[in-house]
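Peer 1: I'd like to ask you about the structure that follows.
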Amino acid sequence: SQQGEEDPQALSIQEGENATMNCSYKTSINNLQWYRQNSGRGLVHLILIRSNEREKHSGRLRVTLDTSKKSSSLLITASRAADTASYFCATGRWTGKVIFGPGTSLSVIP
Amino acid sequence: DGGITQSPKYLFRKEGQNVTLSCEQNLNHDAMYWYRQDPGQGLRLIYYSQIVNDFQKGDIAEGYSVSREKKESFPLTVTSAQKNPTAFYLCASSTPPDESSAGANVLTFGAGSRLTVL
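Top to bottom, those sequences are chains Z and C.
Per the numbering used here, the first sequence starts with residue 95, numbered consecutively.
Per the numbering used here, the second sequence starts with residue 32, numbered consecutively.
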């Protein structure tokens, strides 16, 4: 399976701190995506990193990808209470199939 | 505004009954997906369709059926054969992958349908 698996399962931090979530996957990939889900809602796409990229930034988000270790990390800097959500990595190939990991639940305490 | 509409938002069903969840998109996306999410869990792929009149099984297709007769619509039927259907169901769509996305289907999600079997 190419399923990603995030760790930690749950993370609780104070507002203003940085939050780091990790994702590991099993098979080779062309790309890896990160999504966010607020409680009881649909997912929202955050960022995509290609397999030939090592790092990518978007606002307060920084994603890294290490294909040799089959892992990726999502860093949220200067976290805010509004960042409280679940974060999922997703892997895919040209087949169209998109597989999600179990997610990390982030709580940012004001 | 373009988006994906799932209905109903909440649905209650008696055991043994089939139920159909609606998913409509006006994004002109070719691909559509159905995922199941259980409390505190990740998303598991039920079915996906990359083009009209074609669809593929995901990882947990047993007890579910779909159709893709129109580009805009991808309804999911939860049949009585699904042993534990109570869950949150999410529909998504995407444009075809290309070189700029390294083959990624970037998904746009609906708000979800919560099915409870009584």
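From the three backbone atoms N, C-alpha and C, an ideal C-beta is built for every residue, glycine too.
Would you mind working out which of E46/C, V50/C, Y79/C and S38/C sits nearest V109/C, comparing C-alpha positions?
Peer 2: Of E46/C, V50/C, Y79/C and S38/C, the smallest CA-CA separation from V109/C is found for V50/C.
Peer 1: Would you mind telling me which residues of chain Z sit closer than 8 Å to V137/C, beta carbon to beta carbon, in chain order?
Peer 2: Under the 8 Å cutoff, chain Z gives Q127, H139 and L142.
Peer 1: Would you mind sorting V202/Z into buried or exposed? The rule is 16 or more other CB atoms within 10 Å of its CB.
Peer 2: buried
Peer 1: Exposed or buried, Q103/Z, counting other C-beta atoms within 10 Å across all chains shown (16 or more means buried)?
Peer 2: exposed
Peer 1: Give every residue of the same chain whose Cβ lies closer than 7 Å to the Cβ of S96/C, excluding the five residues on either side of it in the sequence, and list them in chain order.
Peer 2: T108 and T110
Peer 1: With 16 as the cutoff for other CB atoms within 10 Å, does F27/C come out buried or exposed?
Peer 2: Past the boundaries of the shown model lies residue 27/C; chain C is included only from 32 to 149, so the question cannot be answered.
Peer 1: Mind listing the chain Z neighbours of A62/C? Cutoff is C-beta to C-beta under 8 Å, in chain order.
Peer 2: Neighbours of A62/C on chain Z, chain order: G190.
Peer 1: Tell whether a beta-carbon distance below 8 Å holds between S162/Z and C117/Z.
Peer 2: no
Peer 1: Can you give me the Cβ contacts of E149/Z inside the same chain, cut-off strictly under 6 Å, excluding the 5 residues immediately before and after it?
Peer 2: T158
Peer 1: Please confirm if P204/Z has its CB atom under 8 Å from at least one CB of chain C.
Peer 2: By this cut-off, P204/Z is not an interface position.
Peer 1: Between T126/C, R99/C, E93/C and E103/C, which has its C-alpha nearest Q112/C's C-alpha?
Peer 2: Contrary to the premise, residue 112/C reads as Ala rather than Gln in this sequence. Per the Cα distances, E93/C.
Peer 1: DSSP puts H60/C in a beta bridge; with which residues?
Peer 2: DSSP lists no partner for H60/C.
Peer 1: Suppose you measure from the CA of G134/C to the CA of M63/C; what does that come to, to the nearest Å?
Peer 2: 16 Å
Peer 1: Taking 8 Å as the threshold (C-beta atoms), are Y79/C and K120/Z in contact?
Peer 2: For the 8 Å CB-CB criterion, K120/Z and Y79/C do not form a contact.
Peer 1: Do N84/C and E100/C have their C-beta atoms within less than 8 Å of each other?
Peer 2: yes
Peer 1: If I'm right that S124/C touches Q56/C with Cβ under 8 Å, what's the distance once you round it to whole angstroms?
Peer 2: 5 Å
Peer 1: What does S173/Z reach in chain C if we use C-beta pairs closer than 8 Å?
Peer 2: Listed along chain C is no residue with a C-beta nearer than 8 Å to that of S173/Z; the closest approach is about 21 Å.
Peer 1: Residues bridged to Q127/Z by DSSP?
Peer 2: For Q127/Z, the beta-bridge partners assigned by DSSP are L142/Z and A184/Z.
Peer 1: Go ahead and pull the three-state DSSP assignment for Q96/Z.
Peer 2: At Q96/Z the pLDDT is 44, less than 50, meaning the model places this residue with poor confidence; the figure from the coordinates comes in the next sentence. Residue state, collapsed to three classes: coil.
Peer 1: Verify the CB distance criterion: does G197/Z have a CB-CB separation below 8 Å to chain C?
Peer 2: yes
Peer 1: Measuring straight from C-alpha to C-alpha, what distance separates E147/Z and E109/Z?
Peer 2: 30 Å
Peer 1: Rounded to whole angstroms, what is the Cα-Cα separation between F43/C and H60/C?
Peer 2: 30 Å
Peer 1: Which term fits L130/Z, buried or exposed, when burial requires 16 or more other beta carbons within 10 angstroms of its beta carbon?
Peer 2: For clarity, residue 130/Z is Arg in the given sequence; the question names Leu instead. That one is buried.
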